[in-house]
Amino acid sequence: THHSGHLQNSWNKYGENNFVFEIIEVVVDENQLVKKEQKHINKNKSYDRKFGYNINPLATSCLGVKRSERTRARIRENHADISGKNNPMYGRKHSKKTKKILSEKKKEMYASGVKPYRLGKTFSCFKFYYNDVFVAEIRGQKQALIFCKKNKLPFQSLCKGKSLWKEWYCERNKKLS
Numbered sequence: 001t002h003h004s005g006h007l008q009n010s011w012n013k014y015g016e017n018n019f020v021f022e023i024i025e026v027v028v029d030e031n032q033l034v035k036k037e038q039k040h041i042n043k044n045k046s047y048d049r050k051f052g053y054n055i056n057p058l059a060t061s062c063l064g065v066k067r068s069e070r071t072r073a074r075i076r077e078n079h080a081d082i083s084g085k086n087n088p089m090y091g092r093k094h095s096k097k098t099k100k101i102l103s104e105k106k107k108e109m110y111a112s113g114v115k116p117y118r119l120g121k122t123f124s125c126f127k128f129y130y131n132d133v134f135v136a137e138i139r140g141q142k143q144a145l146i147f148c149k150k151n152k153l154p155f156q157s158l159c160k161g162k163s164l165w166k167e168w169y170c171e172r173n174k175k176l177s
C-alpha cells in the first residue's frame with residue numbers, strides 16, 4: 001500500500017500497466033531540489049486531481065491540507081504511544097550543545113534559500129475596525145506593524161495592549177498556517 005490514498009486507489013482501479021515511474025530530472029544540488037520540484041509541479045499541474053497526485057500545490061510541505069476528523073482521530077490514535085509522558089523527550093530539555101547544532105542547521109537551511117513557510121505553526125491574524133466598520137484583515141505581526149505605520153496607528157497599544165485606540169479597534173487571534 002502507498003501512503004497516498006488517491007494514488008493507491010488509482011493504482012488499484014487502473015492497474016500497474018497504466019502507470020509509468022521515471023526520473024524526469026537529476027538534481028545534484030540539494031539546495032535546488034525544492035525549486036526544481038516546484039517547477040515540475042507547476043508545469044504538470046500535478047496538484048490538480050485531473051492531472052496528478054500531489055495533494056499540496058507546494059513542494060515544501062503538507063501545509064494547507066485539510067485533514068478529515070476521521071484522519072485526525074487516526075493520527076491521534078497512532079501517536080498515542082508517544083505523546084505526553086510516553087514521549088521520549090517528555091520532561092527533558094535539549095542541552096546547549098544540541099540547541100547550538102539545531103540552530104546552525106536551521107541557519108544553513110534558511111541561508112540556502114529553502115524556507116519551509118512556518119510549517120505547522122500558528123500566526124497572528126489582526127482584524128482592524130474603524131468606528132466599528134471592518135477595515136482590513138492582516139496576516140502576521142510584521143504586516144500588521146506595517147499597516148499601523150501606514151495609518152499612523154500605535155501598534156503596541158492597539159494590537160498588543162487594550163485593542164482600542166481612539167476610533168480604532170484591533171481584534172487579534174491565532175490561526176494555523
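Reminder that position 170 of the sequence shown reads as 170 in the UniProt record's numbering, one-by-one numbering, no gaps.
Glycine included, C-beta positions come from ideal geometry on N, C-alpha and C.
Query	Result
Boundaries (first-last residue) of the beta strand (DSSP E) holding V135	133 to 139
Closest residue to V26 among F19, N44, N56, K35 (Cα-Cα distance)	K35
Buried or exposed (CB count within 10 angstroms, at least 16 for buried), I75	exposed
Endpoints, the alpha helix (DSSP H) within which G5 is located	5 to 14
L102 classed as buried or exposed, judged by whether at least 16 other C-beta atoms fall within 10 angstroms	exposed
Nearest-angstrom Cα separation, counted from L158 out to E30	44 Å
Touching by the beta-carbon criterion (3+ pairs, under 8 Å), the segment 163 to 174 and the segment 128 to 141	yes
Residues bridged to S124 (per DSSP)	K174
K152, enclosing alpha helix (DSSP H) - first and last residue	Run containing K152: none; DSSP gives neither H nor E here.
C-alpha gap between P154 and C148, whole angstroms	7 Å
Where L119 sits in the DSSP three-state scheme	In this predicted model, L119 has a pLDDT of only 46, less than 50, meaning its place in the structure is not dependable; the value taken from the coordinates is given anyway. It is coil, neither helix nor strand.
Three-state secondary structure assigned by DSSP to L145	helix
Nearest-angstrom Cα separation, counted from A59 out to E137	27 Å
8 Å CB neighbourhood of H40 in its chain, flanking five on each side removed	I24, E25, S46
Rounded separation between K50 and H6 - CA only	11 Å
Extent of the continuous alpha helix (DSSP H) to which R70 belongs	69 to 78
Secondary structure, alpha helix (DSSP H): runs of 4+ residues fully inside the UniProt domain "Nuclease associated modular" (90 to 106)	none
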